[in-house]
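In our numbering, the protein residues as written are 100 to 315.
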């Protein structure tokens with residue numbers, strides 16, 4: 100379990116409930132700044148972890164169980180099971196990862212366009228340009244398996260260790276883990292050790308979007 104995974108799970112739980120990190124903190128009865136990025140690193144530069152009390156209050160406020168939160172930490176949460184009771188739904192565009200490299204599915208900013216997408220119904224999320232991709236291949240096993248559907252948010256900030264969808268200028272689209280990003284290059288990892296990692300010059304990348312959840 101990594102520091103970044105815990106905070107990403109909290110961010111994902113906030114987004115799944117249509118909230119910012121500050122909004123989630125307030126909903127849980129915490130100080131509005133409790134989950135701010137500045138609170139995640141101490142004055143000495145060491146990573147800070149959220150307290151178990153804070154996590155418990157967040158789960159209570161959102162209706163999510165500890166199993167759902169643990170799944171978010173590992174990146175394997177199933178959206179419809181995150182909370183109890185009926186939830187508002189929204190339809191977002193869905194295509195296969197293998198199709199995504201073709202022309203006409205994304206605009207220059209990486210937002211879904213065109214009428215060739217299918218649709219999937221999910222609980223409301225805050226990013227109006229969110230979309231879904233069906234994973235093909237086994238390069239991201241065991242986290243994402245062939246046939247899993249990942250929910251992608253172009254608006255979400257991307258940090259080292261996040262799982263992402265990347266499109267290159269040559270039209271190749273891949274789901275990977277962001278291992279490192281500098282001012283000149285980006286390094287992407289395959290979770291399955293049988294598959295290679297990748298490194299690109301930044302000008303070779305058209306866009307990079309964060310994966311919020313996997314519906315499995």
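The beta-carbon is built from N, C-alpha and C at its ideal position, and this holds for glycine as well.
Remember, it's a predicted structure, so these values are computed and weren't measured experimentally.
At a Cβ-Cβ threshold of 9 Å, residue 248 and residue 231 count as neighbours. When DSSP reads this structure, residue 263 sits in a beta bridge with 275 and 309. Exposed is the label assigned to residue 283, since fewer than 16 other Cβ atoms lie within 10 Å of its Cβ.
One Cα belongs to residue 127, the other to residue 257, and the distance between them is close to 25 Å. Non-local C-beta neighbours of residue 110 in its own chain, meaning closer than 7 Å and more than five positions away in sequence, comprise 120, ordered along the chain.
Under the three-state reduction of DSSP output, residue 104 falls in the helix class. Judged by pairs of C-beta atoms under 8 Å, the region 282 to 298 does not touch the region 203 to 211, as fewer than three such pairs exist.
Assigned with DSSP and collapsed to three states, residue 109 falls in helix.
C-alpha of residue 245 to C-alpha of residue 312: approximately 15 Å in a straight line. Beta-bridge annotation (DSSP): residue 166 is not paired with any residue.
In the DSSP secondary-structure assignment, residue 280 is bridged to 285.
For residue 140, the number of other beta carbons within 10 angstroms of its own is below 16, and it is reported as exposed. Assigned with DSSP and collapsed to three states, residue 123 falls in helix. Just measuring C-alpha positions, the residue of 266, 199 and 158 sitting nearest residue 116 is 158. It is roughly 23 Å from the alpha-carbon of residue 145 to the alpha-carbon of residue 276.
DSSP, read as helix, strand or coil, puts residue 153 in helix. CA-CA distance, residue 250 to residue 310, rounds to 6 Å. Here residue 273 is near residue 238, since their CB atoms are less than 9 Å apart.
Beyond the five residues adjoining it in sequence on each side, residue 196 comes within less than 7 Å, by CB distance, of 232, 233, 234, 235, 272 and 274 in the same chain, given in chain order. Non-local C-beta neighbours of residue 306 in its own chain, meaning closer than 6 Å and more than five positions away in sequence, comprise 209 and 266, ordered along the chain. Residue 300 carries a strand assignment under DSSP once its states are collapsed to helix, strand and coil.
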